[in-house]
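Chemist:
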Amino acid sequence: GAVVSQHPSWVICKSGTSVKIECRSLDFQATTMFWYRQFPKQSLMLMATSNEGSKATYEQGVEKDKFLINHASLTLSTLTVTSAHPEDSSFYICSASLSPAGYGYTFGSGTRLTVV
Amino acid sequence: GQNIDQPTEMTATEGAIVQINCTYQTSGFNGLFWYQQHAGEAPTFLSYNVLDGLEEKGRFSSFLSRSKGYSYLLLKELQMKDSASYLCAVSNQAGTALIFGKGTTLSVSS
Chain A
42 GAVVSQHPSW VICKSGTSVK IECRSLDFQA TTMFWYRQFP KQSLMLMATS NEGSKATYEQ
102 GVEKDKFLIN HASLTLSTLT VTSAHPEDSS FYICSASLSP AGYGYTFGSG TRLTVV
Chain B
9 GQNIDQPTEM TATEGAIVQI NCTYQTSGFN GLFWYQQHAG EAPTFLSYNV LDGLEEKGRF
69 SSFLSRSKGY SYLLLKELQM KDSASYLCAV SNQAGTALIF GKGTTLSVSS
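Heads up: the sequence lines are chains A and B, in that order. Count the first sequence with our numbering and you get residues 42 to 157, in order. Count the second sequence with our numbering and you get residues 9 to 118, in order.
(1) Does any C-beta atom of chain A lie closer than 9 Å to the C-beta of Pro-8 (chain B)?
(2) Are the Cβ atoms of Leu-120 (chain A) and Cys-135 (chain A) separated by less than 9 Å?
(3) Are the region 37-51 of chain B and the region 91-110 of chain B touching by the rule of at least three beta carbon pairs closer than 8 Å?
(4) Which stretch, first to last residue, makes up the beta strand (DSSP E) that contains Val-156 (chain A)?
(5) Interface residues of chain A around Phe-108 (chain B) at Cβ under 7 Å?
(6) Measuring straight from C-alpha to C-alpha, what distance separates Gly-102 (chain A) and Ser-91 (chain B)?
(7) What are the residues in the region 108-138 of chain A lying within 9 Å of chain B by C-beta distance?
(8) Spell out a yes or no on whether the region 75-82 of chain B and the region 50-69 of chain A are touching, meaning 3 or more CB-CB pairs, one atom from each, closer than 8 Å.
(9) How is the beta strand (DSSP E) around Ser-46 (chain A) delimited, first residue to last?
(10) So what's Glu-64 (chain B) in DSSP terms, helix, strand or just coil?
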């Protein structure tokens, strides 16, 4: 149980275009979803916290107009990288907290974004 | 501020035991997690400690001392497939995002 499905698993796009990444909770309701970014050989850096039905909370240094987060339902959160540039190339992972129903966190399988 | 420290790299041989340390300073504490991550994949849950002491699960054990802000992950009978990055992460508060350390890359050789 507690599976988060993340799509696409990889995407290549041209500079200046936008890319949407979806995370869907399959068997539970994810009130809160977290979005992380991971550069090569580095750890997961929290980008934003997404709450269903309200605006996302962004971490310091993350441009909210560039990384658009939508959490319109209890089972779907999306991250759109707008006007992508090569420096946005990274591994993006979503995660959901299982609290208060349980403890721990479940992760999506990640999206490898390459901007050319 | 929030700070989680762990060694960047470690090496070991097959069959050996390795201990990966993690120290943390966070504004709150609701548990410490260890994850294994292979390159290009999502993290895989290994262990969770919220009370002081040792949690054992097969070849993996994790220890926590809240007063010292310290944890370690112990891997026994190392196998080549254990070569991966090991991430220490702290939960400040139930339902909030995990804060990750930079990760320890473990290389196991024969």
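Glycine residues also receive a C-beta, built at the ideal position from the N, C-alpha and C atoms. All values derive from a computational prediction rather than experimental measurement.
Modeler: This is what the structure gives:
(1) Residue numbering for chain B in the displayed model covers 9 to 118; residue 8 (chain B) lies beyond these limits and cannot be assessed.
(2) Taking C-beta atoms as the reference points, Leu-120 (chain A) and Cys-135 (chain A) count as a pair closer than 9 Å.
(3) Touching, per the Cβ criterion.
(4) The continuous beta strand (DSSP E) containing Val-156 (chain A) extends over residues 152-156.
(5) Under the 7 Å cutoff, chain A gives Ser-84 and Leu-85.
(6) Distance between the alpha carbons of Gly-102 (chain A) and Ser-91 (chain B): 33 Å.
(7) Cβ contacts with chain B: Phe-132, Ile-134, Ser-136 and Ser-138.
(8) Under the three-pair Cβ rule at 8 Å, the region 75-82 of chain B does not count as touching the region 50-69 of chain A.
(9) Where Ser-46 (chain A) is concerned, the enclosing beta strand (DSSP E) stretches over 45-48.
(10) Looking at Glu-64 (chain B) - three-state DSSP - the assignment turns out to be strand.
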